[in-house]
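Protein chains in written order, with our numbering: chain R, 1 to 386; chain Y, 387 to 772; chain B, 773 to 1158; chain X, 1159 to 1544. We put the beta carbon where it would ideally sit given N, CA and C, even for glycine. This report concerns only the one structure given below.
There are 4 protein chains.
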Amino acid sequence: MNINQRKVRMGMVGGSKDAFIGAVHRNAAALDQEIELVCGAFSSNPEKSKETGQSLYLPEERIYATWEEMITKESKLPEGERMDFVAIVTPNHLHFGPAKKALENGFHVMVDKPLCFTVEEAEELNELVEKTGLVFGLTHTYSGYPMIKEAREYVASGKLGKVRKIYVEYPQGWLSQPLEASDNKQASWRTDPGRSGKSGCIGDIGTHAAHLAEYVSGLPITSLSAQLNIVVPNRRLDDDGAILLKFGGDVTGVLMATQIAAGEENNLKVRVYGEKGGVEWNHADANTLWVKWLDKPAEKLRTGNDYLSKAAKANTRVPAGHPEGYLEAFANIYRNFAMAVRAQVSGNSFDDHTYDFPGVEDGLMGMKFIDRAVESSNEGGKWLEV
Amino acid sequence: MNINQRKVRMGMVGGSKDAFIGAVHRNAAALDQEIELVCGAFSSNPEKSKETGQSLYLPEERIYATWEEMITKESKLPEGERMDFVAIVTPNHLHFGPAKKALENGFHVMVDKPLCFTVEEAEELNELVEKTGLVFGLTHTYSGYPMIKEAREYVASGKLGKVRKIYVEYPQGWLSQPLEASDNKQASWRTDPGRSGKSGCIGDIGTHAAHLAEYVSGLPITSLSAQLNIVVPNRRLDDDGAILLKFGGDVTGVLMATQIAAGEENNLKVRVYGEKGGVEWNHADANTLWVKWLDKPAEKLRTGNDYLSKAAKANTRVPAGHPEGYLEAFANIYRNFAMAVRAQVSGNSFDDHTYDFPGVEDGLMGMKFIDRAVESSNEGGKWLEV
Amino acid sequence: MNINQRKVRMGMVGGSKDAFIGAVHRNAAALDQEIELVCGAFSSNPEKSKETGQSLYLPEERIYATWEEMITKESKLPEGERMDFVAIVTPNHLHFGPAKKALENGFHVMVDKPLCFTVEEAEELNELVEKTGLVFGLTHTYSGYPMIKEAREYVASGKLGKVRKIYVEYPQGWLSQPLEASDNKQASWRTDPGRSGKSGCIGDIGTHAAHLAEYVSGLPITSLSAQLNIVVPNRRLDDDGAILLKFGGDVTGVLMATQIAAGEENNLKVRVYGEKGGVEWNHADANTLWVKWLDKPAEKLRTGNDYLSKAAKANTRVPAGHPEGYLEAFANIYRNFAMAVRAQVSGNSFDDHTYDFPGVEDGLMGMKFIDRAVESSNEGGKWLEV
Amino acid sequence: MNINQRKVRMGMVGGSKDAFIGAVHRNAAALDQEIELVCGAFSSNPEKSKETGQSLYLPEERIYATWEEMITKESKLPEGERMDFVAIVTPNHLHFGPAKKALENGFHVMVDKPLCFTVEEAEELNELVEKTGLVFGLTHTYSGYPMIKEAREYVASGKLGKVRKIYVEYPQGWLSQPLEASDNKQASWRTDPGRSGKSGCIGDIGTHAAHLAEYVSGLPITSLSAQLNIVVPNRRLDDDGAILLKFGGDVTGVLMATQIAAGEENNLKVRVYGEKGGVEWNHADANTLWVKWLDKPAEKLRTGNDYLSKAAKANTRVPAGHPEGYLEAFANIYRNFAMAVRAQVSGNSFDDHTYDFPGVEDGLMGMKFIDRAVESSNEGGKWLEV
């Protein structure tokens, strides 16, 4: 059956029942009914993988003990049956292996951020994607929000004038206590250099903030001066940081990310100012985009309205006044990815601006950003090129 | 295969591609991967039904030309294959027929609100549900929001003291112009007495508001005095109304619903005050519940936090700070309905407080509410018992 | 000395140290340095009056034991020395006497709302003002806010189209407990029919709400149907009410006022909708006016900006982003009143639209509103003309 | 007459009719009726000074041509008549002269911020204040807000645990265009190194932000790394800056101040996080203090409530729900200063914690902060001790 006459088939690596992000990926993929979960290797523990697969109503034979087994066996299934892409939702140190093998076996890939463990891995994946021509997605979720797309369009339109200043902040409070000393699985791997990588906070959420700043402003981060801190005693990776930024076009900015701001939930916020006005978006009020003007009243743009850009409208499902949230933003990335997979497989064209999603090059940028931020901080805030 | 080892199977009546609410039902049912759409009669126009079914990747033989055909043919399929329940998403005058036939053929039923066209139909359905013991759901969506459940728990806990005053308001602006004179499908049937019923605004959104007031306060509306208005010239049904309410326990309240408040989106808001404090919920900030106190600072409760009630937590998917929206509230109703169907079929027990959803009795109440509001308004605001 | 070369001189009736509103009047009068407090009869208790006057640094001879004494003696002082106007800040039953005597002795008058105790008193004062030509002010404070003036200008400009719907609400919680049973002076007189008048809540704050609805919409309330309640046991006057309204121009509205909404502070809110959009103002965010549109983003207008109307700008002191509050709104009424007094005395003209303030006719309207609301409620919500 | 039986007498330097801040000082001083303006040298232009004095209803003989004349002549007036203190509201380069002369002639002094022009001047004034024992006030207005005092008390109480992170930001947009090229008086002197000093933005508003961070946290800024920018072409002083901070107690922070964030008004915001929670205050919602907790709902504290600290309550005039604003915060500084003057003159004690106001030592700190920020920025963000 033609890929345009059926759902796109997903196999999952990681995401057993007690992981948080696996279920998010599955919900997001399911929402628009364009993607079907057909198989998975949900845990390094085969028993756990089996239980998870069963709870998802998968047939026994498509629940695998390891991702190697999954990719190998699926690639031998007939084309009308085997998975189309692999979604990788493991801790950071386990992204590269399955991503590489999937690409080498002709499967498209979706990976949770950050892309992988080192800049070197990122560069290798980047080359492999280029070589294979396969579709590669990365879940920098926040760029999936319709009002973030509207912000991007606003800046790009020139209505605000030349960009002058960028602020992005991402305060969380959930690591205010040493949760990793207890059995908190999320805290445990995120503060472990062996599974998370060089950085904790900046790798986990700072990269989201950096991506968003670049996405909305349309400008690349060119250099940075970072101050990363370990605030909670005995923690092994940074749980807080502030970074002064320079962007292309002689624009400056500030990035603040922390996981020890006790009482904060997940308050990502981005502001981009131009000569005539600015845009502001807050995750806590995700269906709103503020457009502020030098000489007239601020405007409150809201999802679902006719006055929005094509990209904002194409990434919303419900009418104005009906809030969408995190899962819908995530689902936009999956749905757009599925559209790209359909287009790639069937050789059709695809409006990759309206239906965009982050890819391997965003992931490579993120890995470099982490690398330079850690180095700058280690050198007392030295300005480094990214 | 046991119903607990597979997804619950849904057949849909209505919801062709140009309807709004059909896609909402499908997204909501899909989100949690507990329900599978297996068939549908999506339009009174067989061609449209077919196109819709194909776009949803349904097999040809499960796309039906009429709901009668669907119910008849599905009931003849083997148990391991046929649909488990019917979701009815047609205009109001077409709820009763398929609901009745589905129940008579042993299918569980989910209906969009309001329940049906007349109080008489509502009473007949109510009896039929009681007689058959089948599961019946009604999409009063707003009661699916976790913070509405939290509000219900707060009031029920007695922490606010005895309830004293209830305000509920539902301002929309989308019918500020005579859209029904153009080819707006939504406006057209909603302002048509032949398809919508006795009331426009009060039937469409006033019933949501009334249901929410009762749901949060735990008190039934016992009498009312209504002022319904047709504001836009030549409209055939009320597009605005204000209703003074009496609830059980000698509590008074005010309900305001309008569709001509130009510039308002979908700003449902409910406030319940007791002797010591009050709760307030706004649809525009759906992940927040305000708890206000006479003698201490107001508290801002947010979804996803440990301090919430079991019911609020059980109806959320993502951690604090990750907003959920309208589709998730809708999905809660579907997921909880699916749990009830599984429990009914397998004879298991079911925590129908934590995983509650509106049913036929809520629908009957809603039909009576519409009926009395229209009558009171026609009699100059006479107080009538509900 | 010409009145334009000196401050306008105020004498105060009531407002001893333990009253709330007396200090508010004095702060408001002092703020803009156009008015000087020169004398007072601050309490029916001469000792208290003396203490209050001393704490205000008044000379002994200008602190009077009774308002009769004050008016009599001040009227005998030379023109260059005696007070220009009387500010009356006593409980409602003590407004009429000093107001009448002041007018009869040629003094201008400022009265706290509501105007007086009965409709008859109000009519007599109204005639007296007309006869004497003296300046009469009434502190319906909320009309002094610049963004309320902006709202009035917006509606009057026609930009919103014909007005269609008006909502005004005024929830407070401070009377949730029977404070009058303790020694709370504010609660005591406000719930006492002998000092407050026919109504409690509606007289105290419902009149503010009614005035504001008329002020912003430019439409008079023509009839009403009221439900007033005594919620706290043993209270003698209404502490809660909801009123359905009809305005001129076939516009309907709803007024909600309560003093038993536990946890609410002083959350006056007014919304006026026209064919193309609406305005909304909340006391809790008094420096903002929301203008909402059917077809474009809502605009957030803020005090101190160039884009505002002349009236809004003329009633603000500080630049955009510097909040003003209750005392500044109150001060606008006093400053504008002082301008009117100067103009009247010196025979100059005066822009009484830009520098407007409520007067005796607003007070008369308020007294009628109270009267009809109480009567309607007593007759089960009967519609009565105002 | 004893100073406790009369108003405290103010003489003003600067603040002619077309200046912004002069009127603010006068309004603030007048509000609480504890201070009387008795004389002034309002402009370097004697004609302008005279016009301003007349418009303020001052007698001719107390309107001076120069501040030198004012201080000299007032010091010769009898004690029962002459001014008690001098308020200096000129551009920065004209603070030191009158402040010094006033102190030397035995007058108390209130100065607008920043204290003066150079660190050297600041040190000399600091010594002079110490030597004379006279009362010295500085209008870091924001510390006058009651909810800022509440924030200070919250942090000091230890309820939030040890402080860990401080964010303070102050975005304005009013200098987005080269207003100094036109005849905008405010823009002109603020961007002029000869009148403003070493810094523009950081001197004007960055010092407010730095003062607030120290005031709320109770921690001194110990070192900084700054990036100051001139964004608008041809401007002569920084109009934007970001500063990484270290505070005592091993706490880090970020300060962002800008005057080119087009569309921002005056959105000062401070956040201080401890181990268990944090406080947040926004100037745009000045009557609210957010207290956020790791394990329970955020609390919204509001001015005028009984649950607040003594300091917060003592610096508010009106009940809960009645907003106060910028002038009231300013007035708190003046009223508290007047209390200190009364206490100093009469030899009484004075609760200088509850009724605190910024003084010369805060001004000295601010001057050092400006100095180091400029130097750090000039050296590419080098970390410097303050």
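query: Comparing alpha-carbon positions, which option in X:Lys1259, X:His1298, X:Met1228 and X:Tyr1513 lies nearest asparagine 1473 (chain X)?; result: X:Tyr1513
query: Determine whether the Cβ of tryptophan 281 (chain R) lies closer than 7 Å to any Cβ atom of chain X.; result: no
query: Step through the CB atoms of chain X and report whether any lies within less than 7 Å of the CB of threonine 222 (chain R).; result: no
query: Per the DSSP calculation, leucine 770 (chain Y) is bridged to which residue(s)?; result: Y:Leu610
query: Once the 5 residues before and after glycine 381 (chain R) are set aside, which same chain residues still bring their CB inside 6 Å of it?; result: Ser225 and Gln227
query: Can you name the residues of chain B whose CB is closer than 9 Å to the CB of glycine 1364 (chain X)?; result: Those within 9 Å of glycine 1364 (chain X) in chain B number zero; the least Cβ separation is about 16 Å.
query: Suppose the cutoff is 7 Å on Cβ atoms and the five residues either side in sequence are ignored; what does the same chain contact list for valine 810 (chain B) look like?; result: Arg781, Met782, Gly783, Arg834 and Met855
query: Opposite alanine 427 (chain Y) in the DSSP bridges: which residues?; result: Y:Val399
query: Is DSSP giving phenylalanine 857 (chain B) helix, strand or coil here?; result: strand
query: Between asparagine 1424 (chain X) and proline 1095 (chain B), what straight-line distance do the alpha-carbon atoms span, to the nearest angstrom?; result: 10 Å
query: Do leucine 932 (chain B) and glycine 559 (chain Y) have their beta-carbon atoms positioned less than 7 Å apart in this structure?; result: no
query: Among residues of its own chain, excluding the 5 on either side of asparagine 4 (chain R), which ones have a beta-carbon nearer than 7 Å to its beta-carbon?; result: Arg342 and Ser346
query: I need the DSSP call for lysine 1458 (chain X), collapsed to helix, strand or coil.; result: strand
query: Using a Cβ-Cβ cutoff of 7 Å, what residues of the region 713 to 724 of chain Y are near chain R? List them in chain order.; result: Leu713 and Glu714
query: Between glycine 649 (chain Y) and isoleucine 552 (chain Y), how many whole angstroms is the CB-CB distance? I'm expecting something under 8 Å.; result: Their Cβ separation, rounded to whole angstroms, is 26 Å, which puts glycine 649 (chain Y) and isoleucine 552 (chain Y) out of contact at 8 Å.
query: According to the Cβ coordinates, are threonine 1248 (chain X) and isoleucine 1491 (chain X) closer than 7 Å?; result: no
query: Leucine 932 (chain B) CB to nearest chain R CB: under 7 Å?; result: no
query: Cα-Cα, which of X:Ala1199, X:Asn1185, X:Phe1200 and X:Gly1198 is closest to isoleucine 807 (chain B)?; result: X:Asn1185
query: Within the continuous alpha helix (DSSP H) that includes alanine 488 (chain Y), where are the two ends?; result: 482 to 490
query: Residue range of the beta strand (DSSP E) that glutamate 169 (chain R) falls in?; result: 163 to 171
query: Starting from the beta carbon of asparagine 799 (chain B), find every residue of chain X whose beta carbon is closer than 8 Å, and list them in chain order.; result: Leu1189, Asp1190, Gln1191 and Arg1475
query: Give a yes or no on whether 7 Å exceeds the smallest Cβ distance from tryptophan 293 (chain R) to chain X.; result: yes
query: Under a three-way DSSP split, which group does lysine 1085 (chain B) fall into?; result: helix
query: Any idea if glutamate 1372 (chain X) is buried or exposed, counting beta-carbon neighbours within 10 angstroms, 16 or more meaning buried?; result: buried
query: My output table needs one value for valine 1090 (chain B): the three-state DSSP class, helix, strand or coil.; result: coil
query: Grouping DSSP H, G and I as helix and E and B as strand, with all else coil, what is aspartate 240 (chain R)?; result: strand
query: Please list, in chain order, the chain R residues whose beta carbon lies closer than 7 Å to that of methionine 1414 (chain X).; result: Tyr167 and Val254
query: Beta-carbon within less than 6 Å of leucine 694 (chain Y)'s beta-carbon, same chain only, minus the 5 sequence neighbours each way: which residues are those?; result: Glu536
query: Once DSSP output is grouped into helix, strand and coil, what is the label at glutamine 1112 (chain B)?; result: It should be pointed out that residue 1112 (chain B) corresponds to alanine in this sequence rather than to glutamine. Of the three classes helix, strand and coil, the one that applies to alanine 1112 (chain B) here is helix, per DSSP.
query: Counting only beta-carbon separations shorter than 7 Å, does leucine 694 (chain Y) have a partner in chain X?; result: no
query: Mind pulling the chain C residues with CB within less than 7 Å of glutamine 177 (chain R)?; result: Absent here is chain C; the protein component of the structure consists of chains R, Y, B and X.
query: Could you spell out where the alpha helix (DSSP H) holding tryptophan 67 (chain R) opens and where it closes?; result: 67 to 76
query: Under 7 Å between the Cβ atoms of glycine 1435 (chain X) and lysine 1458 (chain X)?; result: no
query: Which residues does DSSP list as the beta-bridge partners of tyrosine 273 (chain R)?; result: R:Lys165 and R:Gly278
query: How far does the beta strand (DSSP E) with valine 521 (chain Y) in it extend, from its first residue to its last?; result: First-last for valine 521 (chain Y): undefined, no H or E at that position.
query: In this structure, does DSSP put glutamate 1413 (chain X) in helix, strand or coil?; result: First, the amino acid is wrong: residue 1413 (chain X) is leucine here, not glutamate. Of the three classes helix, strand and coil, the one that applies to leucine 1413 (chain X) here is strand, per DSSP.
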